[in-house]
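Visitor: Here UniProt numbering is used: the first residue of the sequence shown is 1, the next is one more, and so on.
Ideal Cβ placement from N, Cα and C applies to all residues, glycine included.
Remember, it's a predicted structure, so these values are computed and weren't measured experimentally.
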Amino acid sequence: MLRQPATARGAFEALDRLAINTIRTLAMDAVEKAQSGHPGTPMALAPVGYTLWSQFLRIDPDVPDWPNRDRFVLSVGHASMLLYALIHLAGIKEVDAEGRATGLPAVSLDDIKNFRQMGSRTPGHPEYRVTTGVETTTGPLGQGCGNSVGMAVAERWLAQHFNRDGFTLFDHDVYVLCGDGDMMEGVSGEAASLAGHLKLSNLCWIYDSNRISIEGHTDLAFTEDVGKRFESYGWNVLHVDDANDTEAFARAIESFKATDDRPTFVVVHSIIGWGSPKADSEKAHGEPLGADAIVATKKAYGWPEDKTFYVPDGVAKHFNEAIASRGRRLREEWEATFAGYRETYPGMAAELDAMRKGALPPGWESGLPSFDPDPKGVASRDSAGKVLNALAGNVPWLVGGSADLSPSTKTDLKNFGSFQADNPGGRTMHFGVREHAMGAIANGMALSYLKPFTATFLVFADYMRAPVRLAAIMELPVTFVFTHDSIGVGEDGPTHQPIEHLATLRAMPGLDTIRPGDANEAAEAWKLAVRQTRRPSALILSRQALPTLDRSRYAAAAGVARGAYILASADDPELILIGTGSELSLVVGAYEKLAAEGVRARVVSMPSWSRFEEQDDAYKQLVLTPGIEARLAVEQGGAIGWDRYVGARGRTITMSTFGASAPLAKLQEKFGFTVDHVVEAARSMILQEA
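1) Does the pairing of the region 448-458 with the region 477-495 give three or more beta-carbon distances under 8 Å?
2) For F460, which three-state DSSP category applies?
3) Since R600 and A570 are thought to touch, with beta carbons under 8 Å apart, how far apart are those beta carbons, to the nearest angstrom?
4) Whole angstroms are fine: how far does the CA of A248 sit from the CA of A6?
5) Which one or two residues does DSSP pair with Y175 in a beta bridge?
6) What does a CB cutoff of less than 8 Å around G510 pick up in its chain, not counting 5 residues either side in sequence?
7) Let me know the alpha helix (DSSP H) ranges lying completely inside the region 8-48, each 4 residues or longer, listed in chain order.
8) Buried or exposed: which applies to M606, given that a residue is buried once 16 or more other Cβ atoms fall within 10 Å of its Cβ?
9) Would you call the CB atoms of E435 and M464 closer than 8 Å?
10) By the DSSP assignment, the beta strand (DSSP E) with S537 in it spans what residues?
11) Tell me where the beta strand (DSSP E) around N236 begins and ends.
12) How many Å lie between F658 and G189 at the Cα?
13) What does the alpha-carbon distance come out to for the pair S276 and S36?
14) By Cβ distance, which residues of its chain are closer than 7 Å to A293, with the 5 residues on each side in sequence left out?
15) Buried or exposed, going by whether 16 or more other CB atoms sit within 10 Å of the CB of Q668?
16) Would you mind reading off the limits of the beta strand (DSSP E) that contains I514?
17) Does L577 pass the burial test, meaning 16 or more other C-beta atoms within 10 Å, or should it be called exposed?
18) Which ranges would you report for the beta strand (DSSP E) in the region 463-551 if only whole runs of at least 3 residues count?
19) For the structure I just gave you, are there three or more beta carbon pairs, one from the region 148-155 and one from the region 169-180, closer than 8 Å?
20) Quick check on the burial criterion: 16 or more other C-beta atoms within 10 angstroms. Buried or exposed for E635?
21) Can you tell me which of A106, L594, A252 and F167 puts its alpha carbon nearest to the alpha carbon of H88?
22) Quick check: what's the CA-CA separation for residue 691 versus G358?
23) Per DSSP, what kind of secondary structure is R683 in: helix, strand or coil?
24) If you follow the beta strand (DSSP E) that L398 is in, where does it begin and where does it stop?
25) How far does the alpha helix (DSSP H) with R631 in it reach, from first residue to last?
26) With a Cβ-Cβ cutoff of 8 Å, do A590 and V481 count as a contact?
27) Any contact of the region 79-86 with the region 41-50, i.e. 3+ C-beta pairs under 8 Å?
28) Less than 8 Å separating the beta-carbons of T513 and A538?
29) What residue range is occupied by the uninterrupted beta strand (DSSP E) comprising Y84?
30) So A324 is in the beta strand (DSSP E); what residue range does that whole segment cover?
31) To which residues does DSSP link H430 through a beta bridge?
32) What residue ranges within the region 217-289 form continuous alpha helix (DSSP H) runs of no fewer than 4 residues, ordered along the chain?
33) Would a C-beta distance cut-off of 8 Å place A440 and Q143 closer than the cut-off?
34) Taking I653 as part of the beta strand (DSSP E), name the residues at either end of that continuous run.
35) Over what stretch of residues does the beta strand (DSSP E) that includes residue 691 continue unbroken?
36) With a threshold of 16 other CB atoms inside 10 Å of the CB of A595, please say whether the residue is buried or exposed.
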């Protein structure tokens, strides 16, 4: 017979063993029916998942979204059937998009049978908002690790901000299941390094060391001592020699819960596809086991060989009762505590209510700066930084920072302290030079009620593209600030001058990319970003000074909300000039010069393509009148996408090559970003139309 989980905490009865094998067989059967998926890791980690959930995890299946629940993150997202089986057997109830309990199971047996099918609640990788009980969308390896650090940071911040003597509102833990692939990805190392520095003792990563990857044994490419690496990060490192040794695993979790000065890393050695003829091989990783192997595996488990999706009598009830009896008591105690807290600290209780709803506090717009006309102007990074600090004074849960660039990105929050191990209420995060982890951590913070922002140079957006994309998929209101947005970087040269980056961000569904053209547009951009409840924002800001337009002569900057607006226009215009960011002042200058020559032009400021696309056709045609075919767009980035707005007869002044190391004025002259060049191009278009 195969060795079964041991029978202390972690000591199991026959019904527990049945539950563990139920998880395994559900995973096998679901992958087989779908003819797609990853059965091996759920089979290996079933004892670990069952032990953690049944004996330690503080959740209430009936109210799965109560604020002080423990968070469970499946960073090894391809093992999704492990999570779906746990959610199903635990009896977690569904919560709809409005936060209302439906009374339905979050994952039914039919949902498991529809694993990886269109419209099911059991997609191939776990998806936040699709399946209740899924705390974050995972799949790209390492992202869940980064998210978990953000969740742990948020718990520390929430505890410091809200807890009072006699009223503990936040003291939950964050657990992560991760694998060899997660550990190979750089983002997990970045996140772990910061977590160790911050001494996040509420964080526990459980590392499934099964030593198998898609290509074969991990010895092909991955031979380091991962535990030693985590010791160097300052983690409490523990080892469990056999994933089936549930008592040893339970002791490791008890050690985590007793550790108060560092995060914990539990190395669990497992056999992928445990019990299968394909065990301990890549054949058990990312493909169905096959009918014959499933029969042999069920026989090894002592399982009915002719039954699929079989849940023995009493298993679900036993698992649910183990979790619910603990979770219900803790949740009811929390609700009683919060009721007393509301009476004693009504203002703080109202803050938490707002955070849970994604709302903003009353008066959040009060005192925000507006900017007087100034031909010399100010860099949009500077004006945006002033707005950010004003917002921070009004929105206490606005928390964030940069990848070691706050003096350059102007995102340091003044007078609010730095978030550190000894100051968990600080609101300026120092992420270090870790752009990838920064984005993933911010997503985790957003998943835990905070309103986070990050900042780096636009050229480094590629280092954090995966978490930006996941923020868009999850509809998280994270604000990603990207400064130094063009060849305006100047002498630093082409390595630091973004060209294609704007196009790639604009191409991302669900991301609101805004490139403001002056200080007042930057203020409007920040207001739009902070209002978001279901959408991330990317604010694209300049290094160089931008003239602050005279809004008594030009349209109000509130037009940013519609993505594009008519900034100025002659009667019956024959030409449309379109500008964004630092080039808006160029087209304004060209407009004035052309007007003096008798050319009838219109200036359109177009800071956000995504917002403009959301407007109705009548507004779009008002701004970009179909009968005006002479259109010129000016932007210090690639031309991709501009044809949609300039049309077949329009032109662009954009970048078709990388930049160069030189002073800004020389670069503008070389690449054609001058008022005279814009005027010349406009004239030629008008002659062409004549």
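Guide: Considering the structure as presented:
1) yes
2) helix
3) 4 Å
4) In this prediction, A6 scores a pLDDT of 44, lower than 50, which makes its location untrustworthy; no coordinate-derived value is stated.
5) F72 and C204
6) A472, I473, E475, R535 and P536
7) 14-34
8) buried
9) yes
10) S537 to I540
11) N236 to V240
12) 32 Å
13) 17 Å
14) S276, P277 and K278
15) buried
16) D512 to I514
17) buried
18) 479-483, 512-514, 537-540 and 545-548
19) yes
20) buried
21) A106
22) Since the first residue of the chain shown is 1 and the last is 690, residue 691 is not available in this structure.
23) helix
24) L398 to S402
25) Counting along the chain, R631 falls outside any alpha helix (DSSP H), though it belongs to the beta strand (DSSP E) covering R631 to V634.
26) no
27) yes
28) yes
29) Taken as a continuous stretch (DSSP letters only), Y84 belongs to no beta strand (DSSP E), being part of the alpha helix (DSSP H) at S80 to A90.
30) Unbroken run through A324 is the alpha helix (DSSP H), V315 to T344; no beta strand (DSSP E).
31) S402
32) 226-233 and 246-258
33) yes
34) R651 to I653
35) Since the first and last residues shown for the chain are 1 and 690, residue 691 lies out of range.
36) exposed
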